[in-house]
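A.B. asks:
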Amino acid sequence: MADCSGCPSHDGCASANEGGCSTVPNFLSMTKGSSALVTVAVGSGKGGVGKSTVTALLAVILQQAGYKVGILDADITGPSMAHTFGLEHGVMQREDQVLIPARTSLDIPLMSLNLLLPNKGDPVVWRGPVIVNVIKQFWSEVEWGKLDVLLLDMPPGTGDIPLTVFQSLPVDRFLLVSTPQDLVQMIVSKAAKMAAMLNVPLLGLVENMSSVKCPDCGKVMYPFGHGKTAAAAAAVGTDFLDEMPIDPALAELIDAGKIEYLPQTTDLLQNSKAAIAALIDRKKAIIAKAEAEEN
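Every letter in the sequence shown is one number past the one before it in the UniProt record's numbering, and letter 52, counting from 1, is 52.
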């Protein structure tokens with residue numbers, strides 16, 4: 001049996017509790033000089049739930065807290081990260097063909113296909129194998145630098161891209177995003193089962209568009225119901241981390257490409273931030289202990 005201690009799925013893998021798995025996952029490596037202590041994929045069982053918004057917000061919040069964050073936009077056919085951060089170009093290429101990602105105002109390295117297209121409105125009509133290779137290149141042929149966490153903005157569903165990401169990249173956790181609708185149980189269950197099949201532990205579940213506050217009286221209303229997402233999280237055995245309300249001010253920032261103008265006093269996604277920060281701090285402690293033992 002192989003040693004599982006270095007596998008990012010160790011904490012949530014049944015094989016690890018049985019003394020190890022028969023093979024160590026053959027994950028892709030980053031370019032020389034690049035690394036990520038923690039890799040978190042953000043996704044959902046369906047589109048239109050705001051996973052890209054959650055990814056961008058988490059990146060800003062963690063960067064504002066002092067962590068070194070990167071974003072890999074893995075939604076190749078529907079990339080939106082560049083627009084969210086107000087970027088239209090900025091990706092460069094070294095002489096050895098390694099790509100240098102664009103940098104946001106907060107110095108977050110960002111890699112998105114939209115930054116490579118001559119016209120950002122051009123459709124990406126590619127077959128699955130081509131898209132898969134682009135994802136791999138974004139991981140292994142980009143100068144990411146030394147990151148505390150790399151966030152992967154996943155495409156919706158459970159197709160080729162999630163399969164490639166979870167089998168080829170050392171993903172530590174999968175953060176689920178959903179909305180409070182009647183189908184939430186089925187949507188969350190599908191995504192959670194996919195992660196379990198591929199031995200990727202869940203970080204938790206975020207509910208987007210959970211409520212709206214009346215601008216006149218301040219009353220909080222739940223237009224799509226309340227409590228379904230918490231029940232869905234419990235059903236798949238993960239934490240219900242955060243509720244994100246419908247916020248016109250946030251939507252305006254995203255539409256204007258100014259999400260980094262988000263006030264540092266925001267109370268959005270604080271539990272998700274804490275969960276990722278705990279992973280980072282745990283990895284740093286493990287590395288420090290190993291270095292101390294070597295000395």
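Each residue gets a CB set at the ideal place from its N, CA and C atoms; glycine is no exception.
Note that the structure is a prediction, hence the values are computed from the model and not measured.
In whole angstroms, what separates the C-alpha of residue 265 from that of residue 61?
C.D. replies: Start at 1 with the first residue of the sequence shown, and residue 265 comes out as number 265. Start at 1 with the first residue of the sequence shown, and residue 61 comes out as number 61. The straight-line gap from Cα to Cα measures roughly 10 Å.
A.B. asks: Since residue 189 is in the beta strand (DSSP E), which residue starts that stretch and which ends it?
C.D. replies: Taking the first residue of the sequence shown as position 1, residue 189 is located at position 189. Residue 189 -> not in any beta strand (DSSP E); alpha helix (DSSP H) instead, spanning 184–197.
A.B. asks: If you follow the alpha helix (DSSP H) that residue 277 is part of, which residue opens it and which one closes it?
C.D. replies: Position 277 of the sequence shown holds residue 277. Run containing residue 277: 270–294, per the alpha helix (DSSP H) assignment.
A.B. asks: DSSP three-state call for residue 109: helix, strand or coil?
C.D. replies: On the sequence shown, position 109 is the one that residue 109 refers to. Residue 109 falls in the strand class under three-state DSSP.
A.B. asks: State whether the segment 210–217 contacts the segment 76–84, with contact taken as three or more CB pairs (one from each stretch) at a distance under 8 Å.
C.D. replies: no
A.B. asks: Does the structure place the segment 155–174 close enough to the segment 212–232 that three or more beta carbon pairs sit under 8 Å?
C.D. replies: no
A.B. asks: Identify, in the order they occur along the chain, each residue of the same chain with its Cβ nearer than 8 Å to the Cβ of residue 191, setting aside the five sequence neighbours on each side.
C.D. replies: Residue numbering aside, residue 191 sits at position 191 when the sequence shown is read from its first letter. Once the five neighbours on either side are set aside, the close Cβ partners of residue 191 are 43, 44, 45, 158, 174, 176.
A.B. asks: Quick check on this structure: which residue in 35, 58, 49, 51 has the alpha carbon closest to the alpha carbon of residue 274?
C.D. replies: Working through the sequence shown from its first residue, we reach residue 274 at position 274. Answer by Cα proximity: 58.
A.B. asks: Work out the CA separation of residue 147 and residue 94 for me, nearest whole Å.
C.D. replies: If you number the sequence shown from 1, residue 94 lands on position 94. If you number the sequence shown from 1, residue 147 lands on position 147. Spanning the two alpha carbons is a distance of roughly 20 Å.
A.B. asks: Within 10 angstroms of the Cβ of residue 143, are there 16 or more other Cβ atoms? Answer buried if so, exposed if not.
C.D. replies: Numbered from 1 along the sequence shown, position 143 holds the residue referred to as residue 143. Residue 143 is buried by the Cβ-count criterion.
A.B. asks: Span of the alpha helix (DSSP H) holding residue 61?
C.D. replies: Position 61 of the sequence shown, counting from 1, holds the residue named residue 61. That run of the alpha helix (DSSP H) goes 51–64.
A.B. asks: Taking three-plus beta-carbon pairs below 8 Å as touching, is the segment 25–32 in contact with the segment 235–251?
C.D. replies: no
A.B. asks: Under 6 Å Cβ to Cβ from residue 68, same chain only, skipping five residues before and after it: list those, please.
C.D. replies: Working through the sequence shown from its first residue, we reach residue 68 at position 68. For residue 68, where only same-chain residues beyond five positions count, the Cβ hits under 6 Å are 147, 148.
A.B. asks: Measuring straight from C-alpha to C-alpha, what distance separates residue 133 and residue 83?
C.D. replies: Here residue 133 refers to the residue found at position 133 of the sequence shown. Here residue 83 refers to the residue found at position 83 of the sequence shown. One alpha carbon belongs to residue 133, the other to residue 83, and they sit about 23 Å apart.
A.B. asks: Which whole-angstrom value describes the C-beta separation of residue 85 and residue 111, a residue pair presumed to lie in contact below a C-beta threshold of 8 Å?
C.D. replies: Here residue 85 refers to the residue found at position 85 of the sequence shown. Here residue 111 refers to the residue found at position 111 of the sequence shown. Their Cβ separation, rounded to whole angstroms, is 12 Å, which puts residue 85 and residue 111 out of contact at 8 Å.
A.B. asks: Which value, in whole angstroms, describes the spacing of the CA atoms of residue 249 and residue 292?
C.D. replies: Here the question's residue 249 lines up with position 249 in the sequence shown. Here the question's residue 292 lines up with position 292 in the sequence shown. For residue 249 and residue 292, the gap between their C-alpha atoms comes out near 48 Å.
A.B. asks: With H, G and I counted as helix, E and B as strand and the rest as coil, what does DSSP make of residue 166?
C.D. replies: For the purposes of this step, residue 166 is taken as the residue at position 166 of the sequence shown. It is helical.
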